[in-house]
Amino acid sequence: MQQHTKRTIRGTLLAASMMLAVGAHAKVTPDELKQLDDKLTPMGAERPGSKDGQIPAWSGKWLGVPAGVQWKRGERYPDPYAAEKPLAVITAQNLAQYADHLTEGTKALFKKYPDTFKMPVYPSHRDFRYEDAAYKNIRLLAPEVSMTADGNGLKSAPPQAPYPIPKNGLELMWDLRFAAAIGTESATYGQAVVYPDGNIAWGRVRYNIFSPRNAATFDAKSELNSKTFFRQATDLPLRDRGTLLVGYELWDQEGANTRRTWQYNPGTRRVRQTPEYGFDQPSGPGGFRTVDDDRLFNGSGERYNWKVVGKKEIYVPYNNYKLMSAAVKYQDILGKGHANPELMRYELHRVWVLEASLKEGFRHQYAKRVLYIDEDSWNAVIAENYDARGQLWRVNLAGSVYAYDAQRFYTTTAFYHDLVSGAYFGPTSRRTPRAARAPDTGPSAPPQARADPCRRHRSAAGLKSLPAMKPDLIASLGEELHQALSARVPVAPLSGRGHPITVRDAYRIQQQFVAHRLAQGDRITGKKIGVTSLPVQQMLDVHQPDFGMLLASMHYPDGHAIPAATLIQPRAEGEIAFFLQRDLRGPGVTRADVLAATEAVCACFEIVDSRILDWRIRIEDTVADNASCGAYVLGEERVRLDGLDLAACAMTLEKNGAVVATGLGSAALGHPAEAVAWLANTLGELGISLLAGEAILSGSLAALIPVVAGDRLHLRIDGIGSCSTRFT
């Protein structure tokens, strides 16, 4: 009762504060609206150029295909400024000369890559405009715009620039979210994570978006709260091929009117609703982008306080037609650490500077975000994301072009730089977006289609069950893995040998593998959950958790050395380990059950070590290989939960004194206790319990870190403790 009262009071205070904040958002006055005719552009940007003339006055002389440019629908957009040469090239050596027009993020990239990062600066242009209907809707509805009571939605809003003259951070945030986009769009995005050693993890997704509000024919007085519908299909990596994500979103997000999503998993051939899709859920190969990183920021802004810092003149990616050129291959764009500077174009433009700071009581892996928003398009062009320690973590750059057919600025390529790991993510759409057929989602659509948009894929993806593997083959493969461990010699993938193998078969092989260890005097000391975080799933090209057994021979005390010769191809993970005070057995175990049964938690390392050659694993391989478990180290500090929010606990992992990975507890299936509940329920179906006193490793909080002899590792998880080990 007391807890309920506290929650009610807190909710009441929050609602009251939001009502006061929203009440401060004055509507555009008729006099202010007149400024869109002279001082400001119809979209709300300043018409005059900069005092020094480097930024030109807005001309808006081109609508659609520019004069002198030959283009046919379906072709890539030609560069109207192809003949121009750089006015200057900024390097780490002449950085001070241009520092006033650089952000902290771009300066950090020069510092991180002093020999290779460059910014070719071209003449600035403000030549394009939107169709007259967009400007008409802004004038018609801007005076009527109002926020919902909680500030998370808008009523009576135009399709673009609901606040053409923003007066505070929330208004500017909504301008960013309402940046003029394409009404119906079908496009393919290539995805690549480029690691510091030059290795590339490839991905590819296809998506369709239908946004009635963004259509040129949108009637501003009719569908004031119309939905945005989206569908995303994964083609690469191959292990995730066939994964579908569909959903819709309302602009009025008050109460229950939020983003709704469903996911079809080809591995389980099931559709499930994905609540809370968005925010800092990892996205893309390697998990280097969060869901709300898309186009530098999207989705709900409810977790942040928003503040307008002001306006600045800075160098930003602009008119990046070279990145779309048919003469340029995707791989040509991708350099080590950052994009190929020869293909980049930067211009000096005026931007709004918007700062977001995490609200008290909310969690997100970015404690602060700084967004730089182009005044002419309301698109974000640079983003700087800070971790919980206040350190600049990720710097993101978005390149754009003007889409001649859609008559809008279009973000084609973005680069998400991780300053800690040295890797970056570069999704790009290098072909012109196609018009997508609007889905049948109105009131006349069949109810079952609206309730379960993926329903038809369940039967379409149905496959005949593979025959069970013969017992003698299962025993033989278990023995083979045991011999690989004993001899420290990896074997070829089990999944590529011509005989069918299912996950159920793989667990039977795991049982045989572990049985060999027990026969030699080893004993089970706990259990581990693997492949719980999206970065690890995508790095290992699998898409579901697995589990394995912890053995006494795998355990090393905190601070002790691990002989590298006892392992084959080790990688380290930082995790949260659970110790139960009573047994748990599924089915029906919930997160709350796990938390109630937990005696203590600690920071821990799991050293994963595949017995499969070169980590060429499918889910069946890693399951058979005891979930690739090689060793584990438990921190000496054990803490009781006592209200500790495990999902919000921040992890920092150092290798040889340098930070190489950071993450949150939420990386493990959204909450580490959810991972333990999954394990309890999965084992419960097999008649196995989680036992009091056992160590339960709940899953990695970041990507895997390769280790070799001589490496020293230190792990710190806020609110829980630390753990160290070294390799000899």
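Numbering (mature numbering (1 follows the signal peptide of the UniProt record, and there is no 0)) for the sequence shown: -26 to -1, 1 to 702.
Beta carbons: idealized from backbone N, C-alpha and C, even for Gly.
What you are looking at is a predicted structure, and each value in this text was computed from that prediction instead of being measured.
- request: Quick one: give me the first and last residue of the alpha helix (DSSP H) that residue 111 is part of.
  value: 106 to 115
message: Spatial neighbours of residue 571 within its chain, please: C-beta separation below 7 Å, excluding the five flanking residues on both sides.
response: 554, 555, 556 and 558
message: Which residue wins for smallest C-alpha separation from residue 339, given the options 101, 174, 264 and 296?
response: 264
query: Run through DSSP, which three-state label would residue 182 get?
result: strand
- request: Kindly give me the distance between the Cβ atoms of residue 326 and residue 349, rounded to whole angstroms, as I take these residues to be in contact under 8 Å.
  value: 6 Å
- request: For residue 75, count neighbouring C-beta atoms within 10 Å of its own C-beta (all shown protein chains included) and say buried if the count is 16 or more, exposed if not.
  value: buried
- request: With a threshold of 16 other CB atoms inside 10 Å of the CB of residue 467, please say whether the residue is buried or exposed.
  value: buried
query: Hey, out of 699, 676 and 669, whose CA is closest to residue 683's CA?
result: 699
- request: Tell me whether residue 68 is buried or exposed, calling it buried when 16 or more other Cβ atoms sit within 10 Å of its Cβ.
  value: exposed
message: Alpha carbons only, please: which of 601, 456 and 548 is nearest the one belonging to residue 477?
response: 601
field: Residue ranges of each beta strand (DSSP E) within the segment 44 to 128, 3 or longer
entry: 62 to 64 and 93 to 95
- request: Could you give the DSSP three-state label for residue 271: helix, strand or coil?
  value: coil
query: Beta carbon of residue 523, beta carbon of residue 498: below 8 Å?
result: yes
- prompt: Candidates 243, 267 and 346: which alpha carbon is nearest residue 292's?
  reply: 346
- request: Following the continuous alpha helix (DSSP H) through residue 487, name the residue where it begins and the one where it ends.
  value: 477 to 493
field: Distance, residue 445 Cα to residue 337 Cα
entry: 48 Å
task: Pick helix, strand or coil for residue 635, following the three-state DSSP scheme.
output: strand
message: Quick check: the segment 453 to 473 against the segment 626 to 646, are at least 3 beta-carbon pairs closer than 8 Å?
response: no
- request: Have a look at 221, 243 and 695 and flag the residue whose alpha-carbon is nearest the alpha-carbon of residue 215.
  value: 243
message: Taking its Cβ as the centre, do 16 or more other Cβ atoms sit within 10 Å of residue 26, making it buried, or is it exposed?
response: exposed
task: Please classify residue 694: does DSSP put it in a helix, a strand, or coil?
output: coil
message: Let me check one thing: in DSSP terms, what residues is residue 323 bridge-paired to?
response: 288
message: I'd like to confirm the pairing. Which residues does DSSP put opposite residue 399 in its beta bridges?
response: 167 and 390
message: Considering Cα atoms alone, identify which of 299, 375, 147 and 238 is closest to residue 283.
response: 147
message: Helix, strand or coil for residue 641? Go by DSSP, reduced to three states.
response: helix
query: Helix, strand or coil: how does DSSP classify residue 659 here?
result: coil
field: Local conformation of residue 675 per DSSP, three classes
entry: coil
field: residue 730 (DSSP reduced to helix, strand or coil)
entry: A query on residue 730 cannot be resolved here, the shown segment of the chain reaching from -26 to 702 and no further.
message: By the three-class DSSP mapping on this structure, what secondary structure does residue 295 have?
response: helix
message: Going by C-alpha to C-alpha distance, which of 654, 235 and 179 sits closest to residue 203?
response: 235
task: Specify the secondary structure class of residue 13 as computed by DSSP and reduced to three states.
output: coil
query: What residues in its chain sit with their C-beta under 6 Å from that of residue 462, if we drop five residues either side in the sequence?
result: 542
- prompt: Can you pull the DSSP bridge partners for residue 304?
  reply: None; residue 304 has no bridge partner.
message: Quick check on residue -11: buried or exposed, where buried means 16 or more other Cβ atoms within 10 Å of its Cβ?
response: With a pLDDT of 35 at residue -11, under the threshold of 50, the modelled position of this residue cannot be trusted; read the value that follows with caution. By the 10 Å Cβ count, residue -11 comes out exposed.
Three-state class that DSSP yields for residue 703 in the structure shown: With the chain covering only -26 through 702, there is no way to say anything about residue 703.
- request: For the beta strand (DSSP E) containing residue 501, list its first residue and its last residue.
  value: 498 to 504
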